[in-house]
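Quick notes on the structure that follows.
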Amino acid sequence: MAIFHFVFIPKRRKPVLKGEVRNRLYQIWQELATEKKWNIRALEIAPDHIHLFVEINPTDPIHLVVKAFKARSSNYLRKEFPELLKLPSLWSKSYFFSTAGNVSAEIIQKYIEDPHHY
1 MAIFHFVFIP KRRKPVLKGE VRNRLYQIWQ ELATEKKWNI RALEIAPDHI
51 HLFVEINPTD PIHLVVKAFK ARSSNYLRKE FPELLKLPSL WSKSYFFSTA
101 GNVSAEIIQK YIEDPHHY
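So in UniProt numbering the end of the sequence shown lands on 118, straight run, no missing numbers.
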């Protein structure tokens, strides 16, 4: 498995990932990871950004992993929470990712799980 740290932000960095939206997003991403046989090692959802630390199959293209997480959650959340339709899209087009190669997986996981990192 390959381990990656992703950061995603909502369109215009709007603080929409809170309350029931946050809870449902967490559930959607956990279900997707299980379906794809990916292992979410850490997932922190702040109102205006997300840190995802996940193990994926090394043959899975990064852009398709990103597309899977963003597309599934956007589709479900915008149907279930009509207030999200006020944004032109749920997610910004950009994202950050890095491998866990240059620092230990444990350090990345601790960073993501620390509520004071942002």
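Ideal Cβ positions, reconstructed from N, Cα and C, are used throughout, including at glycine.
Just so it is clear, the structure is predicted and the values come from calculations on it, not from any experiment.
TODO: Rounded to whole angstroms, what's the CA-CA distance from Arg-78 to Ile-62? Just pull it up for me.
DONE: In a straight line, the C-alpha of Arg-78 is about 24 Å away from that of Ile-62.
- [ ] Output the boundary residues of the alpha helix (DSSP H) element that contains Phe-69.
- [x] From DSSP, the alpha helix (DSSP H) with Phe-69 extends over 62 to 80.
Open item on the list: Strictly by DSSP, which residues pair up with Thr-99?
Closed with: According to DSSP, Thr-99 shares a beta bridge with Phe-4.
Open item on the list: Does the structure place the segment 75 to 90 close enough to the segment 34 to 41 that three or more beta carbon pairs sit under 8 Å?
Closed with: They do not touch, by the three-pair rule.
Open item on the list: Quick check on DSSP: helix, strand or coil for Trp-29?
Closed with: Note: Trp-29 maps to helix in three-state DSSP.
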